[in-house]
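Residue numbers (our numbering): 30 to 670.
The beta carbon of each residue, even a glycine, is placed where N, CA and C say it ideally should be.
Predicted model, so just to flag it, every value in this text is computed and none were measured.
Before any comments, here is the structure.
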């Protein structure tokens with residue numbers, strides 16, 4: 030870790046997480062906690078909570094959670110150190126010089142190695158485009174009217190028809206097969222071994238905001254499918270949290286950024302002088318990308334294709350931008366399909382005029398919606414007006430809502446007072462800040478855990494995987510064979526998913542950890558029977574270990590935010606936050622709760638003993654005997670709440 034846990038705890042102790050989050054998310058008080066629409070995924074019904082008592086946040090919809098540090102890391106797409114510095118500045122705390130641990134040094138070196146692979150690959154593609162082998166790629170770009178200067182600015186390249194040229198080149202440069210595979214410029218299968226991911230494609234290097242190559246997009250030459258392929262997510266590349274050409278667009282003097290659908294649209298716009306253009310990376314636009322945009326602008330213009338798919342994408346992304354706190358408008362490209370086609374046909378002056386007259390996104394939504402109604406039919410027109418009222422409920426701010434009511438009434442020839450009353454009717458019934466025509470948003474997941482006596486209890490939790498990863502795919506290469514070229518050096522395999530029994534165990538572990546955080550007085554009773562090593566799954570063991578250490582030092586100092594922030598990566602922090610957000614429901618009687626607590630501890634201890642027994646020689650005889658004795662005493666133990 031860069032800083033000692035004491036320094037991190039001091040910053041968190043002087044941070045009001047409600048203040049931090051409410052600067053970016055509209056929150057409403059609900060009991061002791063605060064709720065709002067999650068900034069990390071698109072939702073209509075709030076599932077995002079800020080829990081001041083634990084100094085943390087959690088979303089039951091997407092699983093995002095953690096401390097104020099985690100929130101800033103995710104929202105601002107920044108590092109642990111940058112987020113901690115931000116909070117320290119708010120609290121007027123001077124941070125000491127950072128202390129880099131060996132683990133941190135290794136992690137950072139690995140990141141640098143992956144960046145080096147991508148940089149070398151980008152250089153290889155760049156040179157190949159400008160060689161005899163790249164003539165087909167160069168023809169594609171020149172046919173699209175790109176200048177040599179533009180191609181250089183975007184680092185455009187070419188991957189020829191050979192299947193292992195780049196892989197062989199990288200090996201000669203000293204990069205290991207494991208690193209080449211992890212960077213995703215190459216793939217592996219039994220038949221071909223390690224070979225290039227991209228071939229017979231023009232190449233678009235993807236750079237982060239600092240200009241470092243983190244991935245690639247490739248367009249096939251010809252009619253093969255898929256037309257575009259992109260690098261998969263890696264340790265340095267997250268498609269949902271980066272944007273194409275943002276490294277260039279962030280320097281624009283314009284008061285907005287333009288969001289496009291494709292790489293060529295962005296490149297054509299930059300060549301025409303519109304250097305504020307960016308695009309998503311081969312996937313649907315995400316809340317994470319909206320959060321990234323918000324670091325550089327308050328207003329986004331959508332320049333999506335004018336066909337049906339483009340309209341649907343625009344309507345979807347307007348909501349994401351709005352939830353992300355961004356103003357948005359839509360550029361009308363008709364009669365042309367996309368920005369590239371428009372600029373070639375009508376020129377940059379005409380395109381600038383379309384930018385200047387971009388349509389307010391709310392009225393764009395209404396215009397598209399109106400196409401489903403007949404304005405010459407009173408019943409249909411009335412139904413449309415009701416839909417307008419429902420959509421107006423999406424504005425949580427009263428002044429903003431009133432302004433849009435007045436504007437919508439004037440535009441669609443509705444009496445302002447009538448529309449205001451209709452909005453109030455829907456708003457009072459469903460609440461403001463939500464689009465009431467939409468279905469219910471994501472709900473927190475309820476798990477059921479059986480009791481020994483056949484009774485049942487409910488608790489809510491999002492179970493973090495046992496290894497701390499949110500995905501089941503294993504990207505770690507595995508050694509194999511004898512090292513000969515013909516042998517299989519490694520393979521990428523799917524890790525087996527958790528069993529039903531393992532999921533049940535993880536659920537109970539989450540519930541117990543939450544219970545301890547909520548009521549640390551029970552810790553001395555539990556620690557007589559359970560130690561961190563009794564938990565199943567590495568992330569659970571590490572979380573329990575840090576919580577146990579904290580409580581042994583000061584039984585009154587249970588602090589979820591401190592435990593969460595002792596982990597450095599957002600993935601680990603989210604997994605830990607999930608453990609502290611289980612909720613026991615339907616058991617109010619004190620005796621029943623005490624019985625449930627004993628059963629939880631017994632269940633976890635029994636599972637631990639079973640693992641030790643299966644491990645055989647890995648556990649000493651004395652350790653097994655002690656565990657059995659503890660389990661036996663648990664049968665008659667009395668827990669007091």
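query                                                                                                                             : result
Which residues DSSP lists as bridging residue 78, in chain order                                                                  : 64, 87
Residues that residue 259 bridges to, as DSSP identifies them                                                                     : 246
Stretch pair the region 210–229 + the region 177–188: three plus CB contacts closer than 8 Å                                      : yes
Of the residues 564, 616, 457, 629, the one placed nearest residue 540, counting alpha carbons only                               : 629
Validate contact between the region 149–156 and the region 167–187 using beta carbons, cut 8 Å, 3 pairs                           : yes
Residue 130 vs residue 593 beta-carbon contact at 8 Å                                                                             : no
Meets three-Cβ-pair contact criterion under 8 Å: the region 359–375 and the region 60–69                                          : no
Local conformation of residue 180 per DSSP, three classes                                                                         : helix
Through-space distance from residue 53 to residue 470, alpha-carbon basis                                                         : With a pLDDT of 35 at residue 470, under the threshold of 50, the modelled position of this residue cannot be trusted; read the value that follows with caution. So the two alpha carbons sit approximately 20 Å from each other.
Helix, strand or coil at residue 131 according to DSSP, with G and I counted as helix                                             : helix
Neighbourhood of residue 452 by C-beta, 8 Å cutoff - its chain only, sequence neighbours within 5 removed                         : 418, 421, 422, 430, 434
Candidates 116, 91, 81, of which the one nearest residue 39 by Cα                                                                 : 116
Own chain, CB closer than 7 Å to residue 70, minus 5 neighbours either side, in chain order                                       : 90, 91, 316
Chain-order list of residues whose beta-carbon lies under 6 Å from that of residue 339 (same chain, five-residue window excluded) : 333
Runs of beta strand (DSSP E) lying entirely within the region 142–223, each at least 3 residues, in chain order                   : 186–188, 215–218
Beta carbon of residue 37 nearer than 8 Å to that of residue 79                                                                   : no
Inter-residue spacing [alpha-carbon to alpha-carbon] between residue 163 and residue 254                                          : 21 Å
Neighbourhood of residue 399 by C-beta distance below 7 Å, restricted to the same chain and skipping five residues each side      : 413
Secondary structure of residue 40, DSSP reduced to three states                                                                   : helix
Straight-line Cα distance separating residue 350 from residue 55                                                                  : 14 Å
Alpha-carbon spacing of residue 277 relative to residue 411, whole angstroms                                                      : 47 Å
Rounded separation between residue 478 and residue 81 - CA only                                                                   : Confidence is the limiting factor: at residue 478 the pLDDT is only 35, short of 50, which leaves the residue's position unreliable, though a coordinate-based value still follows. The straight-line gap from Cα to Cα measures roughly 28 Å.
Beta carbon of residue 298 nearer than 8 Å to that of residue 306                                                                 : yes
Three-way DSSP call (helix, strand, coil) for residue 332 in this model                                                           : strand
Beta bridge counterpart(s) of residue 358 as assigned by DSSP                                                                     : 330, 389
Contact under 8 Å by Cβ, residue 602 with residue 99                                                                              : yes
Buried versus exposed call for residue 501 [16 or more other C-beta atoms within 10 Å across all chains shown]                    : Low confidence applies here, because residue 501 scores a pLDDT of 32, under 50, leaving its location unreliable and the question unanswered by this model.
Spatial distance of residue 389 from residue 104 (CA atoms)                                                                       : 25 Å
Exposed unless 16 or more other CB atoms sit within 10 angstroms - verdict on residue 670                                         : exposed
Local conformation of residue 236 per DSSP, three classes                                                                         : strand
Residue 461 in three-state terms, based on DSSP                                                                                   : coil
Same chain only: Cβ atoms within 6 Å of residue 200, ignoring 5 sequence neighbours per side                                      : none
For residue 486, three-class secondary structure by DSSP                                                                          : Reliability of the predicted coordinates at residue 486 is poor, the pLDDT of 44 falling under 50, and the value obtained from them is presented with this limitation in mind. It is a strand residue.
Close beta carbons around residue 65, own chain, < 6 Å, minus the five adjacent residues each side                                : 54, 55, 56, 75, 77
Contact the region 107–121 vs the region 138–152: 3+ CB pairs below 8 Å                                                           : no
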